[in-house]
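Written out below as structure tokens is the structure these notes cover.
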Ligand SMILES: *Cc1c(COP(=O)(O)O)cnc(C)c1O
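In our numbering, the protein residues as written are 8 to 467.
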């Protein structure tokens with residue numbers, strides 16, 4: 008296949024699985040862009056606000072269902088943290104702006120960014136059923152949905168999903184906590200501990216040979232035959248995407264609290280790990296709608312699974328998979344191992360995304376270690392993908408040229424760079440220390456500091 012929308016050397020780089028940096032020629036400088044005719048999705052800020060309001064309506068119930076949410080009275084949020092030492096370790100000077108991390112790897116209950124979208128979709132489904140049955144009104148106390156008639160109602164219904172792991176985890180945990188029958192279709196590359204953990208929670212796990220796409224297709228087909236089954240469709244769901252987009256509101260508040268301004272003189276750069284595209288597109292959508300065109304979102308993909316990049320440069324009407332370019336879709340970043348992008352996410356990003364870059368697995372492990380050593384962040388490989396972004400943008404000729412063309416160069420000292428870390432909380436210690444070991448080898452610190460992971464993984 009050929010990619011006429013892009014220089015030939017880009018296709019060569021993608022095929023050879025070399026780290027690539029691409030800028031979106033269709034990026035719009037207008038804010039917001041939801042009213043333009045180019046966006047076929049017709050989603051706008053009101054949809055994001057509705058998702059946020061829904062999560063708010065359920066907060067009381069969630070605090071009842073999950074003890075770990077009592078302290079936050081049911082809010083599922085992560086901190087925005089300044090990371091000056093990590094910034095230095097990544098070779099970024101203060102003249103480049105400030106490096107911050109949005110720590111979704113620590114989101115409670117689900118342990119990944121999937122808590123945002125996945126929980127929202129299950130709750131939206133539960134709310135629709137409960138409203139229909141007259142068990143609640145919008146605005147009444149949803150804690151009644153934790154008992155009696157509501158539980159009996161949910162028990163008649165099934166929620167199903169196809170997943171490499173983290174989405175299954177979030178859907179499975181929330182659906183079973185509400186009393187739904189939960190079925191998770193998993194691909195062969197899903198990690199065993201994720202499977203086991205779900206089964207312990209009473210979730211039915213169906214294993215499929217083949218990749219993520221096969222698991223989703225199998226789940227979708229099985230669910231289509233059951234009218235009492237709601238299938239969470241990672242490749243097509245607006246509810247998932249809007250759940251992710253609601254992250255823009257608390258992030259805006261956190262930026263304000265920290266005195267980080269976002270405007271023409273103070274650009275914000277956000278680096279988001281991308282699988283099928285729903286999570287990063289939802290967040291980028293929310294941020295652009297809420298904060299405007301001075302937010303620049305970049306997606307990060309493994310060099311073997313650059314499905315979103317492929318979709319963005321593909322001729323219109325095409326829906327390519329990474330296999331068509333001779334890539335393997337094999338990566339230790341299991342949350343990002345997706346061969347074909349979500350068309351919904353791609354449509355939404357057509358004018359809102361600034362660019363995409365790709366990362367080798369070796370780099371993921373090295374950045375996983377730097378995040379541990381210099382910011383005490385315990386993340387999984389997928390969640391490390393964003394850390395290459397600032398260096399790639401600021402330290403390459405192509406990046407400098409793009410920044411100049413966008414009029415951003417002179418504002419870099421005032422800029423904020425947010426790397427979004429997307430998973431890791433539930434990663435078992437054994438798996439995590441293997442990741443750390445591999446990263447240390449890559450950094451050339453093999454034996455030297457072998458004991459350090461133990462120290463830094465103790466709770467602070
Ligand atoms: C799912 C996932 C992503 C990306 O989300 P998509 O919606 O698939 O693009 C990123 N990081 C982690 C850890 C994930 O589990």
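No residue lacks a Cβ here, since even glycine has one placed at the ideal position from N, Cα and C.
It should be emphasised that the depicted structure is a prediction, and the values quoted were computed from it without experimental measurement.
*Residue from 170, 316 and 86 whose Cα sits closest to the Cα of residue 26*: Comparing Cα positions, the closest option is 316.
*Among 146, 105, 160 and 49, which residue has its Cα nearest to the Cα of residue 426?*
The residue with the shortest Cα to Cα distance from residue 426 is 105.
*For residue 301, which option in 35, 187, 23 and 97 has the closest C-alpha, if you only look at C-alpha atoms?*
Considering only alpha carbons, the answer is 35.
*Tell me the start and end of each unbroken beta strand (DSSP E) in the segment 263-300 that is at least 3 residues and wholly inside, in chain order.*
Within the segment 263-300, the complete beta strand (DSSP E) segments at least 3 residues long are 275-280, listed from N- to C-terminus.
*Could you pull out every residue in the same chain whose Cβ sits closer than 6 Å to the Cβ of residue 294, ignoring the five residues on either side in sequence?*
Answer for residue 294: 255 and 302, listed in chain order.
*Through-space distance from residue 328 to residue 364, alpha-carbon basis*: About 17 Å.
_From the DSSP secondary-structure annotation, give me the bridge partner or partners of residue 425._
Answer is 107 and 277.
*6 Å CB neighbourhood of residue 120 in its chain, flanking five on each side removed*: Hits under 6 Å: 111, 286 and 429.
*Own chain partners of residue 151 with C-beta closer than 7 Å, once the 5 adjacent residues on each side are dropped*: 142, 143 and 157.
*Compute every distance between the C-beta of residue 175 and the non-hydrogen atoms of ligand 1, then say whether any falls below 6 Å.*
It does not: the Cβ of residue 175 is nowhere closer than 6 Å to a heavy atom of ligand 1.
*What residue ranges within the segment 101-154 form continuous alpha helix (DSSP H) runs of no fewer than 4 residues, ordered along the chain?*
Complete alpha helix (DSSP H) runs here, min 4: 121-139.
*Would you mind stating whether residue 312 and residue 342 have Cβ atoms separated by less than 7 Å?*
In this structure, residue 342 does not lie closer than 7 Å to residue 312 by Cβ.
*For residue 309, does the three-state DSSP call read helix, strand or coil?*
Residue 309: strand per DSSP, three-state reduction.
_Going by beta-carbon coordinates alone, are residue 250 and residue 127 separated by less than 7 Å?_
Less than 7 Å divides the Cβ of residue 250 from the Cβ of residue 127.
*Among 432, 396 and 339, which residue has its Cα nearest to the Cα of residue 276?*
Among 432, 396 and 339, the Cα nearest to that of residue 276 belongs to 396.
*Mark residue 154 as exposed unless 16 or more other C-beta atoms lie within 10 angstroms of its C-beta, in which case mark it buried.*
By the 10 Å Cβ count, residue 154 comes out exposed.
*residue 220 (DSSP reduced to helix, strand or coil)*: Helix, per DSSP.
*Look at residue 246 and residue 165 and say whether their C-beta atoms are less than 7 Å apart.*
Against a cut-off of 7 Å, the Cβ pair of residue 165 and residue 246 comes out as no contact.
*asked:* Which of the three DSSP states is assigned to residue 362 in this structure?
replied: Three-state DSSP puts residue 362 in a strand.
*Just to confirm, are residue 4 and residue 398 a CB contact at a threshold of 7 Å?*
The question about residue 4 has no answer, for the chain in this structure spans 8 to 467.
*Say yes only if the C-beta of residue 429 is nearer than 6 Å to one or more non-hydrogen atoms of ligand 1, and no if none qualify.*
Checking the 6 Å criterion, the Cβ of residue 429 is within range of a heavy atom belonging to ligand 1.
*Classify residue 204 as buried or exposed, calling it buried when 16 or more other Cβ atoms lie within 10 Å of its own Cβ.*
Counting every other CB atom within 10 Å of its CB across the protein chains shown gives residue 204 a total of 16 or more, marking it as buried.
*Using the DSSP secondary-structure output, state which residues sit across from residue 238 in a beta bridge.*
Residue 238 has 167 as its beta-bridge partners, per DSSP.
*Just the C-alpha distance for residue 134 and residue 30, rounded to the nearest angstrom, thanks.*
Residue 134 and residue 30: Cα-Cα distance of roughly 40 Å.
_Inter-residue spacing [alpha-carbon to alpha-carbon] between residue 192 and residue 268_ = Cα-Cα distance, rounded: 43 Å.
*asked:* For the pair the segment 161-181 and the segment 89-101, tell me if three or more CB-CB distances fall below 8 Å.
replied: No: the two stretches stay apart, fewer than three of their Cβ pairs being nearer than 8 Å.
*Enumerate in chain order the residues of its own chain whose CB-to-CB distance from residue 450 is below 7 Å, with the five nearest sequence positions on each side excluded.*
Closer than 7 Å at Cβ, skipping near neighbours: 373 and 376.
*residue 34 (DSSP reduced to helix, strand or coil)*: Here residue 34 sits in coil by DSSP.
*asked:* Comparing C-alpha positions only, which one of 367, 266, 299 and 281 sits nearest to residue 310?
replied: Nearest option by C-alpha distance: 367.
*Using 10 angstroms around the beta-carbon of residue 217, count the other beta-carbons present and answer buried if the total reaches 16, otherwise exposed.*
Exposed, because fewer than 16 other Cβ atoms sit within 10 Å of the Cβ of residue 217.
*Which first and last residues belong to the beta strand (DSSP E) in which residue 87 is found?*
Counting along the chain, the beta strand (DSSP E) containing residue 87 begins and ends at 87-89.
*Given residue 424, which residues of its chain have a CB within under 6 Å of its CB, disregarding the five upstream and five downstream residues?*
Hits under 6 Å: 104, 106, 276 and 397.
_Applying the 10 Å Cβ sphere with the 16-neighbour rule, what's the burial state of residue 296?_
Residue 296 comes out buried.
*Tell whether a beta-carbon distance below 7 Å holds between residue 314 and residue 353.*
No, the Cβ-Cβ distance between residue 314 and residue 353 is not below 7 Å.
*Out of 325, 290, 379 and 333, point me to the one whose CA is closest to residue 52's CA.*
When only C-alpha atoms are compared, the closest one is 290.
*Which one of 236, 233 and 172 has the shortest CA to CA distance from residue 206?*
Among 236, 233 and 172, the Cα nearest to that of residue 206 belongs to 172.
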